[in-house]
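Student:
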Amino acid sequence: MKYITKFFWLFVGVLFIFSGLIKINDPVGTAIKLEEYFEVFAEDISPLFLSLKPAALFLSIFLSAAEIVLGVALLIRWKLKEVLWLLLAMIVFFTFLTFYSAYFNKVTDCGCFGDAIKLTPWESFTKDIVLLVMIVVLLLTRQYLKPIVRPAVGAAVTALTAILSVGIGWYAYEHLPYLDFRAYKVGNNIPKLMKPSAPLRYKYIMVKDGEEQEFEEYPMDDAYTFKEMVAVNPEDGPKITDFNVWNDQGDFTQEILSGNKLLVIVHNVGKADRSNIDKINQLVQDAEKQGIAPVVITSSGRQEFEAFRHEVGLAAPYFFGDGTVLKTMMRSNPGTMLLQNGTVKGLWHHNDTPGIAELKGLL
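If you want this note's numbering, it's the position in the sequence shown, counting the first as 1, plus 697.
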(Lines of atoms letter the chains of each structure in order from A and count residues from 1; the text may use other names and numbers.)
(Lines give C-alpha, C1' and ligand atoms only; values in the text may rest on other atoms or scores of the structure.)
Protein backbone atom coordinates (compact mmCIF):
# COMPACT_ATOMS: atom_id res chain seq x y z
CA MET A 1 0.00 0.00 0.00
CA LYS A 2 2.94 2.29 0.71
CA TYR A 3 4.05 2.24 -2.93
CA ILE A 4 0.50 2.76 -4.23
CA THR A 5 0.16 5.78 -1.95
CA LYS A 6 3.41 7.27 -3.22
CA PHE A 7 2.39 6.69 -6.83
CA PHE A 8 -0.96 8.40 -6.22
CA TRP A 9 0.84 11.26 -4.42
CA LEU A 10 3.14 11.88 -7.36
CA PHE A 11 0.43 11.42 -10.01
CA VAL A 12 -2.11 13.73 -8.36
CA GLY A 13 0.45 16.42 -7.59
CA VAL A 14 1.91 16.51 -11.10
CA LEU A 15 -1.49 16.37 -12.79
CA PHE A 16 -2.87 19.29 -10.77
CA ILE A 17 0.21 21.38 -11.53
CA PHE A 18 0.00 20.51 -15.24
CA SER A 19 -3.74 21.26 -15.39
CA GLY A 20 -3.28 24.59 -13.60
CA LEU A 21 -0.37 25.66 -15.82
CA ILE A 22 -2.29 24.83 -19.01
CA LYS A 23 -5.27 26.90 -17.88
CA ILE A 24 -3.32 29.83 -16.45
CA ASN A 25 -1.38 29.98 -19.72
CA ASP A 26 -4.62 31.24 -21.27
CA PRO A 27 -6.70 32.85 -18.49
CA VAL A 28 -9.06 34.57 -20.95
CA GLY A 29 -9.87 31.24 -22.59
CA THR A 30 -10.49 29.68 -19.17
CA ALA A 31 -12.74 32.61 -18.25
CA ILE A 32 -14.74 32.10 -21.45
CA LYS A 33 -15.26 28.44 -20.49
CA LEU A 34 -16.41 29.46 -16.99
CA GLU A 35 -18.88 31.91 -18.51
CA GLU A 36 -20.24 29.07 -20.62
CA TYR A 37 -20.84 27.03 -17.47
CA PHE A 38 -22.47 29.98 -15.72
CA GLU A 39 -24.87 30.50 -18.64
CA VAL A 40 -25.85 26.82 -18.64
CA PHE A 41 -26.38 26.76 -14.86
CA ALA A 42 -28.35 30.02 -15.01
CA GLU A 43 -30.70 28.44 -17.51
CA ASP A 44 -31.01 25.06 -15.79
CA ILE A 45 -30.52 25.80 -12.09
CA SER A 46 -30.76 29.46 -11.12
CA PRO A 47 -30.40 32.87 -12.83
CA LEU A 48 -28.10 33.83 -9.95
CA PHE A 49 -25.21 32.14 -11.78
CA LEU A 50 -25.25 35.01 -14.28
CA SER A 51 -24.03 37.29 -11.49
CA LEU A 52 -20.76 35.33 -11.53
CA LYS A 53 -19.94 36.21 -15.15
CA PRO A 54 -18.23 39.53 -14.29
CA ALA A 55 -15.95 37.59 -11.93
CA ALA A 56 -15.04 34.95 -14.55
CA LEU A 57 -11.52 36.30 -15.17
CA PHE A 58 -10.76 36.53 -11.44
CA LEU A 59 -12.05 33.00 -10.90
CA SER A 60 -10.07 31.81 -13.92
CA ILE A 61 -6.77 33.01 -12.47
CA PHE A 62 -7.68 32.10 -8.88
CA LEU A 63 -8.77 28.51 -9.61
CA SER A 64 -5.86 27.87 -11.99
CA ALA A 65 -3.36 29.24 -9.47
CA ALA A 66 -5.02 27.19 -6.72
CA GLU A 67 -4.47 24.00 -8.73
CA ILE A 68 -0.77 24.80 -9.12
CA VAL A 69 -0.31 25.82 -5.47
CA LEU A 70 -2.10 22.76 -4.11
CA GLY A 71 -0.16 20.49 -6.49
CA VAL A 72 3.17 21.94 -5.32
CA ALA A 73 2.12 21.81 -1.66
CA LEU A 74 1.16 18.15 -2.10
CA LEU A 75 4.49 17.26 -3.72
CA ILE A 76 6.48 18.88 -0.91
CA ARG A 77 4.02 17.41 1.62
CA TRP A 78 3.38 20.71 3.37
CA LYS A 79 0.23 20.78 5.53
CA LEU A 80 -0.63 17.44 3.97
CA LYS A 81 -3.99 16.85 5.66
CA GLU A 82 -5.31 20.34 4.90
CA VAL A 83 -4.02 20.25 1.32
CA LEU A 84 -5.66 16.89 0.65
CA TRP A 85 -9.00 18.12 1.98
CA LEU A 86 -8.77 21.18 -0.26
CA LEU A 87 -7.90 18.98 -3.25
CA LEU A 88 -10.87 16.76 -2.40
CA ALA A 89 -13.20 19.76 -2.31
CA MET A 90 -11.84 21.00 -5.65
CA ILE A 91 -12.14 17.62 -7.39
CA VAL A 92 -15.69 17.15 -6.08
CA PHE A 93 -16.54 20.52 -7.62
CA PHE A 94 -14.89 19.59 -10.93
CA THR A 95 -16.57 16.16 -10.91
CA PHE A 96 -19.96 17.83 -10.58
CA LEU A 97 -19.18 20.11 -13.52
CA THR A 98 -18.00 17.31 -15.78
CA PHE A 99 -20.87 14.98 -14.83
CA TYR A 100 -23.38 17.73 -15.52
CA SER A 101 -21.75 18.42 -18.88
CA ALA A 102 -21.64 14.75 -19.83
CA TYR A 103 -25.07 13.65 -18.61
CA PHE A 104 -27.00 16.63 -19.94
CA ASN A 105 -24.67 17.23 -22.92
CA LYS A 106 -24.47 20.92 -22.09
CA VAL A 107 -20.78 21.87 -22.35
CA THR A 108 -19.09 19.64 -24.90
CA ASP A 109 -15.53 20.53 -23.80
CA CYS A 110 -14.85 20.96 -20.09
CA GLY A 111 -11.68 22.97 -20.67
CA CYS A 112 -9.82 20.83 -18.10
CA PHE A 113 -6.59 21.19 -20.07
CA GLY A 114 -7.49 24.31 -22.05
CA ASP A 115 -7.02 24.03 -25.81
CA ALA A 116 -3.97 21.77 -25.39
CA ILE A 117 -5.81 18.49 -24.78
CA LYS A 118 -9.43 18.06 -25.79
CA LEU A 119 -11.48 15.60 -23.75
CA THR A 120 -15.06 14.54 -24.31
CA PRO A 121 -17.41 15.19 -21.36
CA TRP A 122 -17.44 11.52 -20.35
CA GLU A 123 -13.63 11.31 -20.63
CA SER A 124 -13.38 14.37 -18.36
CA PHE A 125 -15.80 12.84 -15.86
CA THR A 126 -13.88 9.56 -15.84
CA LYS A 127 -10.63 11.43 -15.25
CA ASP A 128 -12.18 13.28 -12.28
CA ILE A 129 -13.56 10.06 -10.78
CA VAL A 130 -10.08 8.50 -10.94
CA LEU A 131 -8.57 11.57 -9.25
CA LEU A 132 -11.35 11.55 -6.65
CA VAL A 133 -10.56 7.94 -5.73
CA MET A 134 -6.83 8.67 -5.58
CA ILE A 135 -7.29 11.67 -3.28
CA VAL A 136 -9.55 9.69 -0.94
CA VAL A 137 -6.92 6.93 -0.79
CA LEU A 138 -4.25 9.54 -0.04
CA LEU A 139 -6.35 10.93 2.81
CA LEU A 140 -6.75 7.47 4.30
CA THR A 141 -3.10 6.46 3.89
CA ARG A 142 -1.28 9.74 4.40
CA GLN A 143 0.75 8.20 7.23
CA TYR A 144 3.00 6.80 4.49
CA LEU A 145 3.84 10.32 3.30
CA LYS A 146 6.28 11.80 5.78
CA PRO A 147 7.17 15.52 5.55
CA ILE A 148 10.14 16.20 3.28
CA VAL A 149 10.66 19.91 4.13
CA ARG A 150 10.52 21.94 7.30
CA PRO A 151 7.20 23.75 7.88
CA ALA A 152 8.78 27.17 7.35
CA VAL A 153 10.34 26.08 4.05
CA GLY A 154 7.06 24.55 2.93
CA ALA A 155 5.20 27.76 3.72
CA ALA A 156 7.77 29.84 1.82
CA VAL A 157 7.69 27.57 -1.25
CA THR A 158 3.89 27.55 -1.29
CA ALA A 159 3.67 31.33 -0.92
CA LEU A 160 6.23 31.87 -3.68
CA THR A 161 4.31 29.46 -5.93
CA ALA A 162 1.11 31.41 -5.31
CA ILE A 163 2.75 34.73 -6.20
CA LEU A 164 4.38 33.34 -9.33
CA SER A 165 1.18 31.62 -10.47
CA VAL A 166 -0.94 34.75 -10.16
CA GLY A 167 1.80 36.77 -11.85
CA ILE A 168 1.97 34.30 -14.76
CA GLY A 169 -1.79 34.47 -15.20
CA TRP A 170 -1.97 38.23 -15.04
CA TYR A 171 0.88 38.65 -17.54
CA ALA A 172 -0.86 36.29 -19.96
CA TYR A 173 -4.03 38.36 -19.59
CA GLU A 174 -2.18 41.61 -20.24
CA HIS A 175 -0.48 40.13 -23.31
CA LEU A 176 -1.33 36.81 -24.99
CA PRO A 177 -0.94 33.11 -24.03
CA TYR A 178 2.68 32.00 -23.69
CA LEU A 179 1.93 28.81 -25.62
CA ASP A 180 -0.79 28.97 -28.25
CA PHE A 181 -2.79 25.79 -28.85
CA ARG A 182 -5.57 27.40 -30.88
CA ALA A 183 -6.31 26.81 -34.54
CA TYR A 184 -5.51 30.48 -35.26
CA LYS A 185 -1.97 30.46 -33.86
CA VAL A 186 0.96 31.98 -35.73
CA GLY A 187 2.01 29.80 -38.66
CA ASN A 188 -1.37 28.17 -39.26
CA ASN A 189 -3.11 28.53 -42.61
CA ILE A 190 -6.80 29.21 -42.02
CA PRO A 191 -8.09 28.07 -45.47
CA LYS A 192 -6.21 24.78 -45.11
CA LEU A 193 -7.67 24.17 -41.64
CA MET A 194 -11.16 24.84 -42.99
CA LYS A 195 -10.82 21.67 -45.09
CA PRO A 196 -10.62 18.05 -43.87
CA SER A 197 -7.11 16.64 -43.76
CA ALA A 198 -8.44 13.34 -45.16
CA PRO A 199 -11.78 12.15 -46.53
CA LEU A 200 -14.22 11.60 -43.70
CA ARG A 201 -15.50 8.06 -43.24
CA TYR A 202 -18.76 7.22 -41.51
CA LYS A 203 -20.49 4.27 -39.91
CA TYR A 204 -24.24 3.82 -39.80
CA ILE A 205 -25.99 2.91 -36.57
CA MET A 206 -29.13 0.91 -37.43
CA VAL A 207 -31.79 -0.73 -35.29
CA LYS A 208 -33.45 -4.07 -35.97
CA ASP A 209 -35.72 -5.90 -33.51
CA GLY A 210 -34.67 -3.48 -30.79
CA GLU A 211 -30.94 -4.15 -31.23
CA GLU A 212 -28.37 -1.69 -32.56
CA GLN A 213 -25.92 -2.73 -35.26
CA GLU A 214 -23.12 -0.86 -37.02
CA PHE A 215 -22.49 -0.87 -40.78
CA GLU A 216 -19.75 0.66 -42.91
CA GLU A 217 -22.22 0.86 -45.80
CA TYR A 218 -25.89 1.73 -45.56
CA PRO A 219 -27.86 -1.55 -45.44
CA MET A 220 -30.47 -2.12 -48.11
CA ASP A 221 -32.61 -4.34 -45.85
CA ASP A 222 -35.85 -2.45 -45.08
CA ALA A 223 -36.03 -4.23 -41.73
CA TYR A 224 -33.37 -1.88 -40.38
CA THR A 225 -34.30 1.55 -39.01
CA PHE A 226 -31.74 4.34 -39.25
CA LYS A 227 -30.62 5.83 -35.92
CA GLU A 228 -27.53 7.94 -36.60
CA MET A 229 -24.44 8.38 -38.73
CA VAL A 230 -21.13 8.71 -36.86
CA ALA A 231 -17.76 9.81 -38.23
CA VAL A 232 -15.13 7.10 -37.88
CA ASN A 233 -12.21 9.52 -38.23
CA PRO A 234 -13.45 12.85 -36.78
CA GLU A 235 -9.82 13.87 -36.09
CA ASP A 236 -9.39 14.26 -39.85
CA GLY A 237 -12.26 16.75 -40.10
CA PRO A 238 -11.80 20.52 -40.48
CA LYS A 239 -10.15 22.14 -37.48
CA ILE A 240 -11.91 25.42 -38.30
CA THR A 241 -15.60 25.16 -39.16
CA ASP A 242 -17.10 28.51 -38.23
CA PHE A 243 -14.86 31.26 -39.65
CA ASN A 244 -17.04 33.64 -41.65
CA VAL A 245 -16.80 37.36 -42.35
CA TRP A 246 -19.66 39.37 -43.83
CA ASN A 247 -21.38 42.73 -44.16
CA ASP A 248 -24.63 43.94 -45.72
CA GLN A 249 -23.25 43.24 -49.20
CA GLY A 250 -22.62 39.56 -48.51
CA ASP A 251 -19.89 37.12 -47.53
CA PHE A 252 -16.30 38.38 -47.66
CA THR A 253 -14.53 35.39 -46.09
CA GLN A 254 -12.44 34.51 -49.13
CA GLU A 255 -11.45 38.13 -49.70
CA ILE A 256 -10.19 38.38 -46.11
CA LEU A 257 -8.14 35.21 -46.66
CA SER A 258 -6.35 36.50 -49.76
CA GLY A 259 -3.45 38.93 -49.97
CA ASN A 260 -1.85 40.78 -47.07
CA LYS A 261 -4.40 41.78 -44.45
CA LEU A 262 -4.11 43.50 -41.09
CA LEU A 263 -7.12 42.43 -39.04
CA VAL A 264 -8.17 44.63 -36.16
CA ILE A 265 -10.42 42.42 -34.04
CA VAL A 266 -12.91 44.10 -31.72
CA HIS A 267 -15.02 41.51 -29.91
CA ASN A 268 -17.49 43.85 -28.31
CA VAL A 269 -17.20 47.64 -28.46
CA GLY A 270 -18.85 48.02 -25.07
CA LYS A 271 -15.96 46.13 -23.43
CA ALA A 272 -13.18 47.25 -25.77
CA ASP A 273 -10.07 48.70 -24.08
CA ARG A 274 -9.33 52.13 -25.55
CA SER A 275 -5.95 52.66 -23.87
CA ASN A 276 -3.88 51.73 -26.95
CA ILE A 277 -6.30 52.65 -29.72
CA ASP A 278 -4.00 55.47 -30.89
CA LYS A 279 -1.23 52.93 -31.59
CA ILE A 280 -3.68 50.75 -33.51
CA ASN A 281 -4.89 53.75 -35.52
CA GLN A 282 -1.32 54.63 -36.42
CA LEU A 283 -0.61 51.04 -37.46
CA VAL A 284 -3.74 51.02 -39.65
CA GLN A 285 -2.60 54.17 -41.45
CA ASP A 286 0.97 52.89 -41.91
CA ALA A 287 -0.19 49.46 -43.10
CA GLU A 288 -2.43 50.95 -45.78
CA LYS A 289 0.49 53.00 -47.12
CA GLN A 290 2.59 49.82 -47.37
CA GLY A 291 -0.05 47.85 -49.27
CA ILE A 292 -1.27 45.85 -46.27
CA ALA A 293 -5.04 46.17 -46.30
CA PRO A 294 -6.44 47.02 -42.84
CA VAL A 295 -9.79 45.44 -41.96
CA VAL A 296 -11.80 45.61 -38.76
CA ILE A 297 -13.90 42.60 -37.71
CA THR A 298 -16.42 42.93 -34.89
CA SER A 299 -19.34 41.08 -33.40
CA SER A 300 -21.09 44.29 -32.34
CA GLY A 301 -24.09 45.66 -34.21
CA ARG A 302 -23.70 48.22 -37.00
CA GLN A 303 -25.08 51.18 -35.08
CA GLU A 304 -23.03 50.41 -31.99
CA PHE A 305 -19.83 49.95 -33.99
CA GLU A 306 -20.39 53.12 -36.03
CA ALA A 307 -20.54 55.12 -32.79
CA PHE A 308 -17.37 53.42 -31.55
CA ARG A 309 -15.31 53.92 -34.73
CA HIS A 310 -16.18 57.61 -34.86
CA GLU A 311 -15.38 58.00 -31.18
CA VAL A 312 -11.89 56.48 -31.47
CA GLY A 313 -11.15 57.47 -35.08
CA LEU A 314 -10.73 53.93 -36.40
CA ALA A 315 -10.62 54.57 -40.16
CA ALA A 316 -10.77 51.17 -41.85
CA PRO A 317 -13.41 49.06 -43.61
CA TYR A 318 -15.27 46.88 -41.14
CA PHE A 319 -17.03 43.54 -41.32
CA PHE A 320 -18.87 41.29 -38.93
CA GLY A 321 -17.98 37.93 -37.41
CA ASP A 322 -19.27 35.56 -34.79
CA GLY A 323 -18.39 36.69 -31.26
CA THR A 324 -17.21 33.25 -30.11
CA VAL A 325 -14.97 32.86 -33.16
CA LEU A 326 -13.43 36.29 -32.63
CA LYS A 327 -12.67 35.45 -28.98
CA THR A 328 -11.00 32.25 -30.16
CA MET A 329 -8.93 34.14 -32.73
CA MET A 330 -7.86 36.93 -30.41
CA ARG A 331 -7.71 36.92 -26.60
CA SER A 332 -7.37 40.70 -26.55
CA ASN A 333 -10.16 43.23 -27.14
CA PRO A 334 -9.04 44.91 -29.34
CA GLY A 335 -6.13 43.04 -30.89
CA THR A 336 -4.41 42.73 -34.25
CA MET A 337 -3.67 39.81 -36.56
CA LEU A 338 -1.50 39.81 -39.69
CA LEU A 339 -2.54 37.46 -42.51
CA GLN A 340 -0.73 36.58 -45.71
CA ASN A 341 -3.04 34.63 -48.02
CA GLY A 342 -4.79 33.23 -44.97
CA THR A 343 -1.64 32.27 -43.08
CA VAL A 344 -1.34 33.83 -39.63
CA LYS A 345 1.96 35.73 -39.60
CA GLY A 346 1.47 37.59 -36.33
CA LEU A 347 -0.84 38.09 -33.34
CA TRP A 348 -0.68 41.05 -30.97
CA HIS A 349 -2.46 42.11 -27.81
CA HIS A 350 -3.35 45.80 -27.88
CA ASN A 351 -0.67 46.31 -25.20
CA ASP A 352 1.89 44.98 -27.68
CA THR A 353 0.68 46.70 -30.86
CA PRO A 354 3.62 46.50 -33.30
CA GLY A 355 5.09 49.12 -35.60
CA ILE A 356 4.92 48.90 -39.39
CA ALA A 357 8.55 47.72 -39.57
CA GLU A 358 7.68 44.60 -37.60
CA LEU A 359 4.75 43.84 -39.91
CA LYS A 360 6.88 44.24 -43.04
CA GLY A 361 9.54 41.99 -41.54
CA LEU A 362 7.01 39.17 -41.21
CA LEU A 363 5.82 39.26 -44.82
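Quick reminder that beta carbons are idealized off the backbone N, C-alpha and C, glycines included.
Using the Cβ count rule (16 or more neighbours within 10 Å means buried), how would you classify proline 916?
Tutor: That one is exposed.
Student: When DSSP labels each residue in this structure, what does histidine 872 get in the three-state scheme?
Tutor: It is coil, neither helix nor strand.
Student: Output the distance between the C-alpha atoms of alanine 763 and isoleucine 974, rounded to the nearest integer angstrom.
Tutor: Their Cα atoms are separated by approximately 34 Å.
Student: I need the DSSP call for leucine 842, collapsed to helix, strand or coil.
Tutor: It is coil, neither helix nor strand.
Student: Just mark leucine 1036 as buried or exposed, buried being the case when its beta carbon has 16 or more other beta carbons within 10 Å.
Tutor: Leucine 1036 should be labelled buried.
Student: So within the segment 939-977, which uninterrupted beta strand (DSSP E) runs reach at least 3 residues, ignoring any that extend past its ends?
Tutor: Segments of the beta strand (DSSP E) lying fully in the segment 939-977: 957-963.
Student: Please state if the CB of leucine 767 and the CB of leucine 784 are separated by a distance shorter than 8 Å.
Tutor: Their beta carbons are under 8 Å apart, which means leucine 784 touches leucine 767 by this criterion.
Student: Straight-line CA distance for tryptophan 819 to methionine 926?
Tutor: Cα-Cα distance, rounded: 20 Å.
Student: In its own chain, which residues sit with a C-beta less than 7 Å from the C-beta of aspartate 825, not counting the 5 before and 5 after it?
Tutor: Cβ neighbours of aspartate 825 beyond the five flanking positions: Ile788, Phe791, Thr792, Thr795.
Student: For lysine 900, which residues in the same chain have their Cβ closer than 7 Å to its Cβ, ignoring the five residues on either side in sequence?
Tutor: Excluding positions up to five away in sequence, the list reads Glu911, Phe912, Glu913, Val927, Val929.
Student: Does the contact criterion of 3 or more C-beta pairs under 8 Å hold for the segment 750-762 versus the segment 709-726?
Tutor: The segment 750-762 is in contact with the segment 709-726.
Student: In the DSSP assignment, the beta strand (DSSP E) including glutamate 908 goes from what residue to what residue?
Tutor: Element bounds for glutamate 908: 908-912.
Student: Is methionine 698 helix, strand or coil when you go by DSSP?
Tutor: The answer is coil: DSSP assigns methionine 698 none of H, G, I, E or B.
Student: Which one of Gly717, Val850, Val737, Gly1043 has the shortest CA to CA distance from lysine 882?
Tutor: Comparing Cα-Cα distances from lysine 882 to each of Gly717, Val850, Val737, Gly1043, the minimum goes to Gly1043.
Student: Under three-state DSSP, which class holds leucine 688?
Tutor: This structure gives no information on residue 688, because the portion of the chain shown stretches from 698 to 1060.
Student: Is the segment 1047-1059 touching the segment 1017-1035, taking contact as three or more C-beta pairs under 8 Å?
Tutor: The segment 1047-1059 vs the segment 1017-1035: in contact.
Student: Counting along the chain, where does the alpha helix (DSSP H) carrying histidine 1007 start and finish?
Tutor: Where histidine 1007 is concerned, the enclosing alpha helix (DSSP H) stretches over 999-1009.
Student: Under the DSSP definition of a beta bridge, which residues are partnered with glycine 1052?
Tutor: None, per the DSSP bridge assignment.
Student: In terms of residues, what are the limits of the beta strand (DSSP E) holding proline 991?
Tutor: From DSSP, the beta strand (DSSP E) with proline 991 extends over 990-995.
Student: Hey, phenylalanine 1005 and valine 961 are a contact pair by Cβ (cut 8 Å); roughly how many whole angstroms apart?
Tutor: About 12 Å; that fails the 8 Å criterion.
Student: Strictly by DSSP, which residues pair up with histidine 1046?
Tutor: DSSP, once it has assigned bridges, lists Gly1032 as partnering histidine 1046.
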